[in-house]
Amino acid sequence: MFDYKLLSALAAVIEQAGFERAAQVLGLSQSAISQRIKLLEARVGQPVLVRATPPAPTEIGRRLLNHVQQVRLLERDLQSLVPTLDEEGLPERLRIALNADSLATWWAQAVGDFCAEQHLLLDLVVEDQTVGLKRMRAGEVAACVCASERPVAGARSLLLGAMRYRALASPAFIARHFPLGVRAEQLARTPALVFGPDDFLQHRYLASLGVNGGFEHHLCPSSEGFIRLTEAGLGWGLVPELQVREQLQRGSLVELLPDKPIDVPLYWHHWRNGGQLLGLLTEHLARLSAQWLVPWEQP
């Protein structure tokens, strides 16, 4: 059996970004927090923290944090029946893996009111939409938004809709590389922008146009930076339509091949035993996601 006082100390150190503030939140001395962490590490037989500024969880530490999170969610359900169980009165905290483009576009509007009403804090882990599910599989998060439909064991998935991407570039880039008009086969021979090594959206887009193989590209692991580099003419890129309506309207970005977008499905994955709060968040997202995402049609 776990000693949940030790696990609470671990959670507090991570959530408060240090031992001193964790001690203040739990009403203990800093040395007491340190002793609890050492005792937890002795019991699991390996470090649970990387002693850095701020402290970071190790792999086993992340799994323990996810366990603490699930226990808290279940305890929240009991507190509605037995209010005296809520001794600390701290807000709930959910660790969620989320793709950067969702974070840069629809996510904040979708969950803002919900978090305020439910007294909920979020611990967001930013991943590409194609690999976010690995965090669920590793037991590191309570939920994730990703492009994969099939849930991991013990979890459920819900289709939220699809994010529509358009191939865009600056007018200067188009004039320089496509003076006679844009042709699909030319795209592989002009610099592109790719979010990161796990981002294969451009590969899929080019393949849908009949263009296969490698292509020149910059790497830019930032949704906001991606837009800035595209506007600056460093390359063409696939950008969420939600994120660039203003740029398209004023003409700082132009679609390379009009009416040839590519849609990426987004699924909400959550643990079955996540408790009532996670269930409420799931219902909330299912109800509101259509405001920002387009219907997904399987190719």
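By the UniProt record's numbering, the letter at position 211 of the sequence shown is numbered 211, and the numbering carries on one by one without gaps. Even glycine gets a Cβ: it sits at the ideal position worked out from N, Cα and C. Quick caveat, the model's predicted, so the values are computed rather than measured.
CB contact flag (residue i, residue j, <7 Å)
{"i": "Val48", "j": "Leu10", "result": "yes"}
{"i": "residue 326", "j": "Glu127", "result": "A query on residue 326 cannot be resolved here, the shown segment of the chain reaching from 1 to 299 and no further."}
{"i": "His270", "j": "Leu280", "result": "no"}
{"i": "Pro261", "j": "Arg183", "result": "no"}
{"i": "Ala162", "j": "Leu238", "result": "no"}
{"i": "Val152", "j": "Arg137", "result": "yes"}
{"i": "Arg289", "j": "Leu160", "result": "Per the sequence presented here, residue 289 reads as Ser, with Arg not at that position. Yes."}
{"i": "Cys115", "j": "Gly132", "result": "no"}
{"i": "Ala142", "j": "Gln69", "result": "yes"}
{"i": "Ala169", "j": "Trp236", "result": "yes"}
{"i": "Leu120", "j": "Ile96", "result": "no"}
{"i": "Leu73", "j": "Gly274", "result": "yes"}
{"i": "Glu185", "j": "Val211", "result": "yes"}
{"i": "Arg156", "j": "Arg287", "result": "no"}
{"i": "Ala22", "j": "Val13", "result": "yes"}
{"i": "Val264", "j": "Ala172", "result": "no"}
{"i": "Leu234", "j": "His217", "result": "no"}
{"i": "residue 311", "j": "Ile33", "result": "Only positions 1 to 299 of the chain appear in this structure, which leaves residue 311 out of reach."}
{"i": "Trp268", "j": "Leu285", "result": "yes"}
{"i": "Leu122", "j": "Leu158", "result": "no"}
Neighbour-count burial assignment, residue i, 16 or more Cβ in a 10 Å radius
{"i": "Asp3", "result": "exposed"}
{"i": "Ser29", "result": "exposed"}
{"i": "Ala108", "result": "exposed"}
{"i": "Pro258", "result": "exposed"}
{"i": "Arg36", "result": "buried"}
{"i": "Asp199", "result": "buried"}
{"i": "Asp113", "result": "exposed"}
{"i": "Pro179", "result": "exposed"}
{"i": "Leu98", "result": "buried"}
{"i": "Ile240", "result": "Looking at the sequence itself, residue 240 is Pro, so the reference to Ile does not match. Buried, by the Cβ-count rule."}
Residues bridged to residue i [DSSP beta-bridge criterion]
{"i": "Pro57", "result": "Leu49"}
{"i": "Leu168", "result": "Gly237 and Glu255"}
{"i": "Met163", "result": "Val264"}
{"i": "Asp123", "result": "Arg95"}
{"i": "Leu277", "result": "Leu277 is not bridged to any residue."}
{"i": "Thr192", "result": "Residue identity check: residue 192 is Ala in the sequence provided, not Thr. Answer by DSSP bridge pairing, in chain order: His217 and Trp236."}
{"i": "Trp271", "result": "Ala155"}
{"i": "Val294", "result": "Ala162"}
Would you say the stretch 187-194 touches the stretch 226-240, given that touching needs at least three Cβ pairs under 8 Å? yes
Does the pairing of the stretch 49-59 with the stretch 247-255 give three or more beta-carbon distances under 8 Å? no
Extract the residue ranges of the alpha helix (DSSP H) inside the stretch 127-151, only unbroken runs of 4 or more that lie entirely within it. 133-137
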